[in-house]
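Sequential numbering from 35 applies to the sequence shown in our numbering. Everything on this sheet refers to the single structure shown next.
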Amino acid sequence: MDIVGVIPAAGHAIRLQPLSGSKELLEIGGRPVMDYLVERMRAGGCTSLRVVTRPEKDDVIAHAEKLGAEVVLARPATVSESFLAGMSGLGEDNIVLIGFPDTIWEPVEGYREPVSAVRDGADVGLGLFRIDASDLTRSDVVVFGRNGRIDGIAVKPAEPPSEWIWGCAAARAHVWADLGRAEWPGGYIDLLCREGRDVRGFELSDVWLDVGTHDALRRARDHR
Numbered sequence: 035m036d037i038v039g040v041i042p043a044a045g046h047a048i049r050l051q052p053l054s055g056s057k058e059l060l061e062i063g064g065r066p067v068m069d070y071l072v073e074r075m076r077a078g079g080c081t082s083l084r085v086v087t088r089p090e091k092d093d094v095i096a097h098a099e100k101l102g103a104e105v106v107l108a109r110p111a112t113v114s115e116s117f118l119a120g121m122s123g124l125g126e127d128n129i130v131l132i133g134f135p136d137t138i139w140e141p142v143e144g145y146r147e148p149v150s151a152v153r154d155g156a157d158v159g160l161g162l163f164r165i166d167a168s169d170l171t172r173s174d175v176v177v178f179g180r181n182g183r184i185d186g187i188a189v190k191p192a193e194p195p196s197e198w199i200w201g202c203a204a205a206r207a208h209v210w211a212d213l214g215r216a217e218w219p220g221g222y223i224d225l226l227c228r229e230g231r232d233v234r235g236f237e238l239s240d241v242w243l244d245v246g247t248h249d250a251l252r253r254a255r256d257h258r
């Protein structure tokens with residue numbers, strides 16, 4: 035059964051403008067930031083990659099093709115729509131990995147446990163990361179229940195329920211099929227939790243960097 039990685043790269047990076055190119059190709063540690071996600075998806079068993087981007091993002095298109103990825107051209111209005119565009123036409127039992135091309139996290143093999151959980155029957159497997167309290171209000175924060183069970187995801191909460199966020203995920207294509215019910219994947223995962231679906235999380239590390247804002251970009255470059 036194929037494992038497909040879907041990467042949303044159709045955004046406008048409004049918080050980082052002005053930029054001379056696409057956010058996904060900003061260099062961190064001497065390489066384009068999106069390459070870190072590609073590396074992690076492939077380490078998790080990904081057999082094919084789909085990069086979703088807008089037709090005018092020539093630099094992303096060229097780089098995705100260089101990486102051997104299939105380019106999906108679209109103009110999604112939300113992140114969820116971007117992922118759905120990348121999943122179009124997949125078999126319902128394909129395992130689909132999702133992640134964000136403006137993030138760097140450890141370990142490289144972080145997708146393996148989420149993928150194993152899906153193969154074991156879970157609806158969704160999540161990679162979890164502990165981050166600084168100052169970043170929690172702009173993140174998807176995990177709501178834990180008894181015995182470490184994931185009871186939900188709080189998207190950009192004013193009062194974060196934990197120190198853990200989800201940063202990568204695996205599920206079969208038929209589970210992702212209704213992703214459009216929420217603007218953000220975290221909101222959809224929250225709905226699945228509330229409906230009693232089997233969502234399993236794996237605490238991977240406290241290494242989580244993003245380049246979503248100028249301050250975060252500076253921190254990421256300092257770290258690498």
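All C-beta atoms in this analysis are idealised placements derived from N, C-alpha and C, irrespective of residue type, glycine included.
Write down the C-beta distance between Asp185 and Cys227 rounded to the nearest angstrom, noting that I regard them as a contact closer than 8 Å.
6 Å
Taking Val245 and Leu60 to be in contact with their CB atoms under 8 Å, please state how far apart those CB atoms are, rounded to whole angstroms.
6 Å
So the candidates are Glu90, Ile187, Asp36 and Glu229; which of them puts its Cα closest to the Cα of Arg84?
Asp36
Simplified DSSP assignment, three categories, for Pro148:
helix
State yes or no: is the C-beta of Arg88 within less than 8 Å of the C-beta of Arg109?
yes
Simplified DSSP state of Val142, which is helix, strand or coil:
coil
Name the two residues that bound the continuous alpha helix (DSSP H) containing Trp210.
Ala207 to Trp210
Beta-carbon proximity of Ile132 to Arg206, cut-off 8 Å
no
With Tyr145 and Gly120 assumed to form a contact (beta carbons below 8 Å), what rounded beta-carbon distance in angstroms separates them?
Their Cβ separation, rounded to whole angstroms, is 16 Å, which puts Tyr145 and Gly120 out of contact at 8 Å.
Tell me whether Ala43 sits in a helix, a strand or coil according to DSSP, three-state version.
coil
Trp200 versus Asp127 - alpha carbon distance:
23 Å
Put Val94 into one of helix, strand or coil per three-state DSSP.
helix
In whole angstroms, what separates the C-alpha of Ile41 from that of Phe117?
7 Å
Can you name the start and end residues of the beta strand (DSSP E) that Arg285 belongs to?
Because the chain spans 35 through 258 in this model, residue 285 falls outside it and cannot be assessed.
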